[in-house]
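*Asks:*
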Amino acid sequence: MSTATATAAAAAASTSLSSSTLCRSSPSSSILANPRRSLPGRLLSSSAAQFPLGPVSAMATPGASAEGASRKNLLIFDAEEDLSASLAEHTAGLSEKFVAERGAFTVVLSGGSLIKALRKLAEPPYLEAVDWSRWHVFWADERVVPKDHADSNYKLAMDGFLSKVPVPANQIHAMNDTLAAEGAAADYESCLNQLMKNGVIASSPATGFPKFDLMLLGMGPDGHIASLFPGHPIVHENQKLVTYVEDSPKPPPERITFTFPVINSSAHIALMVTGAGKAGAVHKTLSGNELSSDLLPVEMIEPQDGEMTWFTDKQAVSMLSSL
Ligand SMILES: O=C1O[C@H](COP(=O)(O)O)[C@@H](O)[C@H](O)[C@H]1O
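The numbers in full-length UniProt numbering rise by one with no breaks, and the one at position 197 of the sequence shown is 197.
1) Have a look at Pro303 and Asp247 and give me their C-alpha separation to the nearest angstrom.
2) Quick one: is the Cβ of Asp141 within less than 7 angstroms of any heavy atom of ligand 1?
3) Check for me: the beta strand (DSSP E) holding Glu51 runs from which residue to which?
4) Measuring CB to CB, does Ala270 end up less than 8 angstroms from His136?
5) Based on the DSSP secondary-structure assignment, which residues constitute the bridge partners of residue 326?
6) Could you check if Asp148 is buried or exposed, using at least 16 other CB atoms within 10 Å of its CB as the buried criterion?
7) What I want to know is whether the C-beta of Leu217 ends up closer than 7 angstroms to one or more non-hydrogen atoms of ligand 1.
8) With DSSP collapsed to three states, give me the class of Met308.
9) Compare the C-alpha of Ile234 against each of Arg255, Leu179 and Ser203 and name the closest.
10) Can you tell me the Cβ-Cβ gap for Ala140 and Val99, rounded? I've got them flagged as a contact below 8 angstroms.
11) Run the proximity test for Ala226: is its beta-carbon closer than 7 angstroms to any non-hydrogen atom belonging to ligand 1?
12) Counting beta carbon pairs with one atom in the segment 218 to 235 and one in the segment 104 to 119, are three or more of them shorter than 8 angstroms?
13) Would you list the one or two residues that DSSP bridges to Gln270?
14) Since Leu53 and His268 are thought to touch, with beta carbons under 8 angstroms apart, how far apart are those beta carbons, to the nearest angstrom?
15) For ligand 1, is there any heavy atom lying closer than 7 angstroms to the beta carbon of Ser110?
Shown next, in the form of structure tokens:
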């Protein structure tokens, strides 16, 4: 597989926190008009191969421009540094767009390797250029552990990213770690509903579910995303916004997670997948049969009215023969 220069890769348009809060809405969580800030010029990483993805397969033409491209794009990077740079550019570009359009940027984080990949967003030039005051941060999934526990996705994100950027503490909407799984899921769902009412989170005209501006996801080697694991009945949840598991195959067993209707209602989904250990799930997803009855969770990502970008490396796509 050769790499090509990305023409418009990922250009979807392309105070340290001393504390943060449990999910809540507050007067400062309403949408306010915002003077547009400009980001520095193009800072695209130059070592991605870009493939617009068809609805079923990964067969595509390299180097297509972002304009008129399909709603799913596959970016392949040689170097992790470049992936991280492109993810930063992508996120900063979307932040600028949504802050200008609606005065807020709602971004959903996951746990795992994603957080390290976000590190360049907390560095110049993004550190100064991004309007962090308009960010509202959420989690796609959380483990039922205290917020200072080594397994906490909140702690991971705080330590690796959020403590380095000036997002107002009351706009960091963590799941409630004082409740058991079921209660914490219900609590987070009411938080989302309240923030939709306030207009902080948009609502999808297509589905009525919350429409986050950007959902940042990772994927496990088994094809799980958030805490939606292969073969688990909650992958079929279609009413709730947030649900829970008490028997996760990956420890810790108790977790809270967004459901597919919420994930698929997002305006933008960025899925970060690296490493040879994930090549099998990537292969099944990008060359598999979407009609099969044993879909992996990652295969069930289907934006209803949005755009999805895969951020991958060569190892993760090494089993794709068609590239
Ligand atoms: O358990 C989890 O795993 C996935 C994937 O993590 P990675 O380290 O393989 O990237 C992560 O996206 C999810 O948020 C987390 O709870």
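All C-beta atoms in this analysis are idealised placements derived from N, C-alpha and C, irrespective of residue type, glycine included.
*Replies:* The relevant details are as follows:
1) Roughly 27 angstroms between the two C-alpha positions.
2) yes
3) Looking at the sequence shown, residue 51 is not Glu but Phe. Per DSSP, Phe51 belongs to the beta strand (DSSP E) from Ala48 to Leu53.
4) no
5) Residue 326 falls outside the range modelled here, since the chain spans only 1 to 323, and no answer is possible.
6) exposed
7) yes
8) Collapsing the DSSP output to three states places Met308 in a strand.
9) Measuring from the Cα of Ile234, the nearest candidate turns out to be Arg255.
10) Not quite, the Cβ-Cβ distance comes to about 21 angstroms (not below 8 angstroms), so this is no contact.
11) Remark: the shortest separation between the CB of Ala226 and any heavy atom of ligand 1 falls under 7 angstroms.
12) Between the segment 104 to 119 and the segment 218 to 235 there are three or more inter-stretch CB-CB distances shorter than 8 angstroms, so the stretches are counted as touching.
13) Looking at the sequence provided, one finds Ala at residue 270 rather than Gln. The partner list for Ala270 (beta bridge, DSSP) reads Leu216 and Thr309.
14) Their Cβ separation, rounded to whole angstroms, is 15 angstroms, which puts Leu53 and His268 out of contact at 8 angstroms.
15) yes
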